[in-house]
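Peer 1: What follows is a single structure, and I will ask about it in a moment.
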């Protein structure tokens with residue numbers, strides 16, 4: 678596995694954003710995964726949608742194709758250290774983004790996201806945008 682897809686990229690996939698879909702089509706299913714944190718964000722968003730059942734079904738289909746990676750102890754420890762480092766530097770990021778960034782760091786994966794404003798503050802994070 679090489680890539681961890683952030684929530685914004687998964688939303689792009691669900692909406693059929695051409696550049697993101699085309700990039701994903703050049704990869705094998707084993708190349709990409711999503712964090713369990715991203716899965717949470719997607720299902721929470723679906724639950725708040727106008728048609729929660731339909732949106733939830735879309736998320737289920739995505740998770741069936743892209744591996745959902747559990748957030749385990751190593752990632753939790755990475756997140757704790759990262760939170761302290763960012764707060765100490767005066768550059769904190771949102772809680773879910775922090776967990777996703779730490780997950781990518783812990784697994785040594787490239788995080789795919791268009792959210793360079795938040796993730797660009799994370800030292801050592803390999804970040805790529807497919808937009």
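Numbering (our numbering), first residue to last: 678 to 808.
Cβ atoms here follow ideal geometry from the backbone N, Cα and C, with glycine treated the same way.
Between residue 778 and residue 769, what straight-line distance do the alpha-carbon atoms span, to the nearest angstrom?
Peer 2: Computed Cα separation, rounded: 12 Å.
Peer 1: May I have the straight-line CA-CA distance separating residue 688 from residue 725, to the nearest angstrom?
Peer 2: Their backbone Cα atoms lie some 14 Å apart in a straight line.
Peer 1: Have a look at the DSSP bridge pairing and note the partners of residue 744.
Peer 2: The partner list for residue 744 (beta bridge, DSSP) reads 710.
Peer 1: Rounded to a whole number of angstroms, what is the C-alpha to C-alpha distance between residue 712 and residue 746?
Peer 2: Rounded to the nearest angstrom, the two C-alpha atoms are 5 Å apart.
Peer 1: What is the DSSP secondary structure of residue 765, counted as helix, strand or coil?
Peer 2: Here residue 765 sits in helix by DSSP.
Peer 1: Going by Cα to Cα distance, which pick from 706, 727, 773 is closest to residue 684?
Peer 2: Residue 773 is the option with its Cα nearest to residue 684.
Peer 1: In three-state terms, what does DSSP make of residue 749?
Peer 2: Correct three-state label for residue 749: coil.
Peer 1: Quick check on the burial criterion: 16 or more other C-beta atoms within 10 angstroms. Buried or exposed for residue 742?
Peer 2: Exposed: under 16 other Cβ atoms inside 10 Å.
Peer 1: Does the beta carbon of residue 764 fall short of 8 Å from some heavy atom of the ligand FMN?
Peer 2: Of the ligands one can find in the structure shown there are none, so the ligand FMN has no counterpart to examine.
Peer 1: With DSSP run on the structure shown, which of helix, strand or coil describes residue 730?
Peer 2: Looking at residue 730 - three-state DSSP - the assignment turns out to be helix.
Peer 1: Quick check on the burial criterion: 16 or more other C-beta atoms within 10 angstroms. Buried or exposed for residue 715?
Peer 2: By the 10 Å Cβ count, residue 715 comes out buried.
Peer 1: Report the residue ranges of all beta strand (DSSP E) runs contained in full by the stretch 766-792; include only those spanning at least 3 residues, in chain order.
Peer 2: Correct list: 787-789.
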